[in-house]
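In this note's numbering, the protein residues as written are -15 to 394.
Written out as structure tokens, the structure reads:
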């Protein structure tokens, strides 16, 4: 029986990357593998027999005192605790492959040399652009897409206060990037990076990464429980984090210009600004807040189409696959990996990223389409996700990758 060490900062379904993480684990358990998790302690965690090896919680949203903040900085940059606890875990169980997901800040890249010590092959799924951009997104509020670190070096994260507009947080993340870049934490200890979209593999190659290090494996979705609803509503839905890179100010302005109703499900740092802009423009925007899973599925089922007006290099968001699973087409921005997921006119539509005028035009066009036409595209989107993004396909592709790395690294 093979064993997979599955590594992620959070051990509960927090956002899209955790959906991928838990589905990945379930796929390999179904294949007869033993999955051994390594994560951070958190009150929302799922139960695990291995939780005694999890590292102590670090949450940037917590109001730590000054001493506590200072104490946590070294852990964010390079966690000795994570190294120690991982070694204890690996003393208890041998594993064949380690697959890392989001490990930054909470576990830190310090765990990668430990895996190398044990000659365990390491695969890492890229849920964002962190290995190139210290602030994850290659996006800067008020600027849009930002690749300043490519030519100007990672000091740009300090100059531009890229992390929550905070000089202190940006300095910590600069140190993290500098230390792990100097150590070659990712370059030396990760055998293969899994990119859910071709765009990320190509973009990172532009930044100097060896393209042979990347394997493109699209995200998948467990369609059990996703009963499609082909009825066509009269409003549009965005669901996800309310933050600047998502292009939601553009969406509010497009809603006002087009006169359509848009509902926003989710929460985040930009909510107050979005509410104020919506009120100022008289836009028909409703804020639904955070929805539980069953409530979210009902909200998707009730809409005409979902909207993803991204203004950063989106990867392969699960929100697109979840919309398709519910039989709903997607109006998305022509940026990042989105054009790989959205076939314009067949499973949805694309608009120019950052253009309120283009987005408003798209909203009006879909509003004015006959319900039967929208339903037909919704049915095509469901067929697409069944054919191209099944867990069976995902597992086969991942097993093929693992087979190329099977055996200890020397």
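A virtual CB, placed ideally from N, CA and C, is assigned to each residue, including glycine.
First and last residue of the uninterrupted alpha helix (DSSP H) at residue i
| i | result |
| --- | --- |
| residue 361 | 355 to 372 |
| residue 138 | Counting along the chain, residue 138 falls outside any alpha helix (DSSP H), and DSSP gives it neither H nor E. |
| residue 4 | 0 to 14 |
| residue 165 | 151 to 167 |
| residue 303 | 302 to 309 |
| residue 189 | 182 to 190 |
| residue 98 | 95 to 101 |
Pairwise C-alpha distance: residue j and residue i
| i | j | result |
| --- | --- | --- |
| residue 231 | residue 154 | 23 Å |
| residue 132 | residue 138 | 8 Å |
| residue 11 | residue 376 | 8 Å |
| residue -5 | residue 23 | 6 Å |
| residue 223 | residue 281 | 10 Å |
| residue 227 | residue 253 | 6 Å |
| residue 116 | residue 173 | 16 Å |
| residue 366 | residue 166 | 46 Å |
| residue 212 | residue 65 | 45 Å |
| residue 164 | residue 170 | 8 Å |
| residue 342 | residue 349 | 11 Å |
| residue 130 | residue 111 | 18 Å |
| residue 419 | residue 18 | The structure shown does not extend to residue 419, since the chain spans only -15 to 394, so no value can be given for it. |
| residue 364 | residue 307 | 12 Å |
| residue 192 | residue 185 | 11 Å |
| residue 3 | residue 245 | 29 Å |
| residue 54 | residue -14 | Its pLDDT being 47, under 50, residue 54 is placed unreliably by the model, and the measurement read from it follows with that caveat. Cα-Cα distance, rounded: 41 Å. |
| residue 261 | residue 233 | 8 Å |
| residue 316 | residue 109 | 23 Å |
| residue 392 | residue 33 | In this predicted model, residue 392 has a pLDDT of only 43, less than 50, meaning its place in the structure is not dependable; the value taken from the coordinates is given anyway. Each residue's alpha carbon lies about 26 Å from the other. |
| residue 187 | residue 302 | 20 Å |
| residue 345 | residue 298 | 22 Å |
| residue 122 | residue 114 | 9 Å |
| residue 293 | residue 144 | 24 Å |
Assumed close pair residue i, residue j - CB separation to whole angstroms, cut-off 8 Å
| i | j | result |
| --- | --- | --- |
| residue 340 | residue 237 | 4 Å |
| residue 195 | residue 180 | Residue 195 to residue 180, Cβ: 16 Å. No contact. |
| residue 61 | residue 92 | 7 Å |
| residue 304 | residue 326 | 7 Å |
| residue 268 | residue 239 | 6 Å |
| residue 85 | residue -8 | 4 Å |
| residue 296 | residue 190 | That belief does not hold up - the Cβ atoms of residue 296 and residue 190 are roughly 16 Å apart, past 8 Å. |
| residue 104 | residue 79 | 6 Å |
| residue 369 | residue 205 | 6 Å |
Close beta carbons around residue i, own chain, < 8 Å, minus the five adjacent residues each side
| i | result |
| --- | --- |
| residue 283 | 221, 223, 247, 249, 272 and 275 |
| residue 255 | 226 and 271 |
| residue 397 | A query on residue 397 cannot be resolved here, the shown segment of the chain reaching from -15 to 394 and no further. |
| residue 182 | 200, 321 and 324 |
Delimiting residues of the beta strand (DSSP E) encompassing residue i
| i | result |
| --- | --- |
| residue 272 | 269 to 273 |
| residue -13 | -13 to -9 |
| residue 179 | 176 to 179 |
| residue 21 | 18 to 22 |
| residue 116 | Here residue 116 belongs to no beta strand (DSSP E), and DSSP marks it neither H nor E. |
| residue 204 | Careful: residue 204 lies outside any beta strand (DSSP E) and carries neither H nor E. |
| residue 82 | 81 to 84 |
Cutoff 6 Å; reference residue i; Cβ partners in own chain excluding five residues on either side
| i | result |
| --- | --- |
| residue 216 | 288, 355, 358 and 359 |
| residue 134 | 191 |
| residue 207 | 309 |
Contact set for residue i: own chain, Cβ-Cβ below 7 Å, skip 5 residues either direction
| i | result |
| --- | --- |
| residue 102 | 74 |
| residue 70 | 22, 95 and 98 |
Only counting runs of 3 or more residues, tell me where the beta strand (DSSP E) segments fall wholly within the stretch 221 to 298, in order along the chain.
-> Runs found: 246 to 249, 269 to 273 and 289 to 292.
Kindly provide the ranges of any beta strand (DSSP E) runs that are 3 or more residues long and lie completely inside the stretch 309 to 348, ordered along the chain.
-> Those beta strand (DSSP E) runs which fall completely within the stretch 309 to 348 and span 3+ residues are 314 to 317 and 332 to 335.
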